[in-house]
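Visitor: My structure is below; once you've seen it, I'll send some questions.
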Amino acid sequence: MGVPHMRRQEGCTMNKPTLKSCPFCGRDEAYYSGMAANYRYIECSGCGASGPAAETDEEAAALWNDRAVPEIPKPHGKLVDADDLIKMIDVNIEIEGEENAKNVTKAFNEILDTIRGMEPVVDAEGKPAKDCPWR
């Protein structure tokens, strides 16, 4: 009896579940693989990432396709205008040395510019949130 070896399965996948793109590189280059009939997993030929091992191709596909759904941040408390926030930070922190103060102010201004350039916040239904603090 020979040693089972890893091989790329390029045969018929007509009756197998459709595989999602790779969660790491985003490519649609995932394929069924494994060392034996009861040791199956999905592997990405784009980056080499692989899913957990399973007993069947169907189980391997389900494990590969199962993705964590990112949580939509829910605002809590009072929304604060970004310019007011930097004023509060400026008042509430002590910075040693004038050069450090300039660096902190520059960094906060860069953050504020980034925030202002972002798309408006959307609610759970995908509609623009009311009272977006930086618009």
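In this note's numbering, the protein residues as written are 50 to 184.
A virtual CB, placed ideally from N, CA and C, is assigned to each residue, including glycine.
These numbers come from a predicted model, not from an experiment.
Considering just the uninterrupted stretch of the beta strand (DSSP E) at Ala79, what are its terminal residues?
Guide: Residue 79 sits at position 30 when you count from the first residue of the sequence shown. Per DSSP, Ala79 belongs to the beta strand (DSSP E) from Ala79 to Ala85.
Visitor: In whole angstroms, what separates the C-alpha of Tyr80 from that of Thr105?
Guide: Against the sequence shown, residue 80 aligns to sequence position 31. Against the sequence shown, residue 105 aligns to sequence position 56. Their Cα atoms are separated by approximately 13 Å.
Visitor: When the Cα atoms are used, what is the spatial distance from Asn114 to Ile160?
Guide: If you number the sequence shown from 1, residue 114 lands on position 65. If you number the sequence shown from 1, residue 160 lands on position 111. Going from the Cα of Asn114 to the Cα of Ile160 covers about 36 Å.
Visitor: So Tyr88 packs on Ala98, CB below 8 Å; how close in whole Å?
Guide: Residue mapping note: residue 88 aligns to position 39 of the sequence shown, counting from 1. Residue mapping note: residue 98 aligns to position 49 of the sequence shown, counting from 1. In fact, because the Cβ distance is near 17 Å, the residues do not count as touching under 8 Å.
Visitor: Quick check on the DSSP output: the beta strand (DSSP E) that includes Glu92 runs from which residue to which?
Guide: Counting from one through the sequence shown, the residue named residue 92 turns up at place 43. Element bounds for Glu92: Tyr88 to Cys93.
Visitor: Assign Leu68 to one of three DSSP states: helix, strand, or coil.
Guide: For this step, residue 68 is matched to residue 19 along the sequence shown. It is coil, neither helix nor strand.
Visitor: Buried or exposed, going by whether 16 or more other CB atoms sit within 10 Å of the CB of Ala156?
Guide: Taking the sequence shown and counting its residues from 1, the one referred to as residue 156 is at position 107. It is exposed - the Cβ of Ala156 has fewer than 16 other Cβ atoms within 10 Å.
Visitor: For the alpha helix (DSSP H) that contains Ala102, what are its first and last residues?
Guide: Residue 102 sits at position 53 when you count from the first residue of the sequence shown. DSSP places Ala102 outside any alpha helix (DSSP H), giving it a letter other than H or E.
Visitor: Give every residue of the same chain whose Cβ lies closer than 8 Å to the Cβ of Cys96, excluding the five residues on either side of it in the sequence, and list them in chain order.
Guide: In the sequence shown, counting from the first residue as 1, residue 96 sits at position 47. Cβ neighbours of Cys96 beyond the five flanking positions: Cys71, Phe73, Cys74 and Arg76.
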